[in-house]
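Engineer: Adding 1219 to a residue's 1-based position in the sequence shown gives its number in the working numbering. First the structure, then my questions, so here it is.
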Amino acid sequence: MSHKQGSRWLGTAWGRFGLLVGVLVLLWIVASALWSGIARPLLIEHGVPEAWRQLYGEPPPLVEERPVPIRKANINGVPIAIPSNYLALVGIEYKDQSTWAPRDPDTPKPDERTVEDDAKAFSLYVRWPDMAPRSPETQSSFWTRDDPDGDIWLLVGVVAISGFRRDGQFSYELLRERGDWAPALRGVMQRLDEGERITHEWDDEKGRYKYLKNVRYEMRGRDPETGLQWAKPVGPGTDKLELWNQTLYWKGDVDGVVTDYFQCRAGSTANPDFVHTCRYKFTIPEWGGRVAFRFPRNKLVEWREMKTAVRDVVLGFESDSDI
């Protein structure tokens, strides 16, 4: 193409469009070189937010070397110190600060708290089975935890036992020393047996959701796979997923002391990816605290390993500091 022909071509719409594309490509090449060679290293060096770093690739060494803040409190007089990357939701809930109320100007900030501050609860996120907390290395695993083939993350809640009344007697020491979920277990069974259950199916004639009668728990004895006692709801509606439709498992005597208590979702669902879960409750006598967390129901046979691992993580937060 001659110079004269080139000038004519540039004067056309296609020529101007091609020139614009060429300029934009050149600018992109220059900008990429500047970003990779100059701007990005400077931004990393001068401490831009961690989310910005993660957006543009692997976290630089500066992120990994950054110290994790430690949150302090005490549970029933036991001093604890928890790395903040273990904490979930509101983290540590202190007795002098409501979770739902705005923080009072005179209330200490989380990094100002000490083991002298009384806590009534805290929550953790840990990955099963390695019990790793959230970190740059586990972040992608954490965000895909709800995928059908994602890793299992346990949301563990620890609550200080403030007392429990049974038959009019204060039985805090019984709960603290041995743990006793028998009253809660019996209560769930009795409420299903004595009351009407509501299903999610709509009754067009009555203009309300259907009520189900004659639904009750049937004792099934000892489950050979888990070594736990169990009971299953029987009667109308138990083939469907309902809030009240839970299979119960426990270790101990329903008429005596129950140390381990499981409520497992039951009933079918239209969603093939829906994961049935169990809610597991037990106590930590050393702290006078109770623990609860959910896990996929198909992992129920691993409950002993889960209990040991969760106990070890929680008790590992005990601090050497004196109150």
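For glycine and all other residues, C-beta sits at the position ideal for the given N, C-alpha and C. Here the structure is a predicted model, which is why all the values come from computation and not from measurement.
#1: Spatial neighbours of LEU1431 within its chain, please: C-beta separation below 6 Å, excluding the five flanking residues on both sides.
#2: Quick one: residues in its chain with C-beta nearer than 7 Å to the C-beta of TRP1449, no 5 flanking neighbours on either side, listed in chain order?
#3: Once DSSP output is grouped into helix, strand and coil, what is the label at PHE1481?
#4: What would DSSP say about MET1350, mapped onto helix, strand or coil?
#5: So, are the CB atoms of VAL1378 and ALA1340 less than 9 Å apart?
#6: Could you say which of ASP1330, LEU1373, PHE1481, TRP1421 lies nearest to TRP1400 if we only look at CA atoms?
#7: Going by beta-carbon coordinates alone, are LYS1518 and TRP1362 separated by less than 9 Å?
#8: Could you tell me which residues DSSP pairs with GLY1376 in its beta bridges?
#9: In whole angstroms, what is the alpha-carbon distance linking GLN1358 and ALA1528?
#10: Buried or exposed, going by whether 16 or more other CB atoms sit within 10 Å of the CB of ILE1248?
#11: Who are the near neighbours of GLN1316 in its chain, counting only those whose CB is closer than 8 Å to its CB and skipping five residues on each side?
#12: Under DSSP, the alpha helix (DSSP H) around ASP1412 begins and ends at which residues?
#13: Given this structure, state the Cα-to-Cα distance separating PRO1444 from CYS1483, to the nearest angstrom.
#14: What are the residues that DSSP puts in a beta bridge with LEU1306?
#15: For the beta strand (DSSP E) holding GLN1316, just list the boundary residues, first then last.
#16: Where does the unbroken alpha helix (DSSP H) through ALA1528 begin, and where does it stop?
#17: Measure the alpha-carbon distance for SER1540 versus PRO1302 and round it to whole angstroms.
#18: Given SER1360, which residues of its chain have a CB within under 7 Å of its CB, disregarding the five upstream and five downstream residues?
#19: Rank LEU1343, LYS1500, ARG1405 by C-alpha distance to the C-alpha of GLY1475 and give the top, closest one.
#20: By a C-beta neighbour count over all protein chains shown, 10 Å radius and 16 as the cutoff for buried, is THR1333 buried or exposed?
#21: Per DSSP, which residues does ARG1547 bridge with? Please list them.
#22: Tell me whether TYR1313 is buried or exposed, calling it buried when 16 or more other Cβ atoms sit within 10 Å of its Cβ.
#23: Is it buried or exposed for LYS1425, if we count other Cβ within 10 angstroms and need 16 for buried?
#24: Pick helix, strand or coil for SER1487, following the three-state DSSP scheme.
#25: Quick one: grab the DSSP three-state call for VAL1242.
Structural biologist: Reading it off the structure:
#1: If we look at LEU1431 and ignore the five residues flanking it on each side, its Cβ neighbours are ARG1416, THR1418, PRO1455, GLY1456.
#2: Once the five neighbours on either side are set aside, the close Cβ partners of TRP1449 are ARG1439, ASP1442, THR1466, LEU1467, TYR1468.
#3: strand
#4: coil
#5: yes
#6: PHE1481
#7: It is not a contact, given that the beta carbons lie outside the stated cut-off.
#8: Residue pairing by DSSP puts GLY1376 in a beta bridge opposite SER1342, ALA1511.
#9: 21 Å
#10: exposed
#11: If we look at GLN1316 and ignore the five residues flanking it on each side, its Cβ neighbours are ARG1322, ASP1323, THR1326.
#12: 1401-1413
#13: Here residue 1444 turns out to be Glu, not Pro, going by the sequence shown. Taking the straight line from one Cα to the other gives about 15 Å.
#14: LEU1343
#15: Under the DSSP assignment, GLN1316 falls outside any beta strand (DSSP E); it carries neither an H nor an E label.
#16: 1522-1534
#17: Each residue's Cα considered, the two are about 15 Å apart.
#18: ARG1346, ASP1370
#19: ARG1405
#20: exposed
#21: The structure shown does not extend to residue 1547, since the chain is modelled only from 1220 through 1542, so no value can be given for it.
#22: buried
#23: It is exposed - the Cβ of LYS1425 has fewer than 16 other Cβ atoms within 10 Å.
#24: strand
#25: helix
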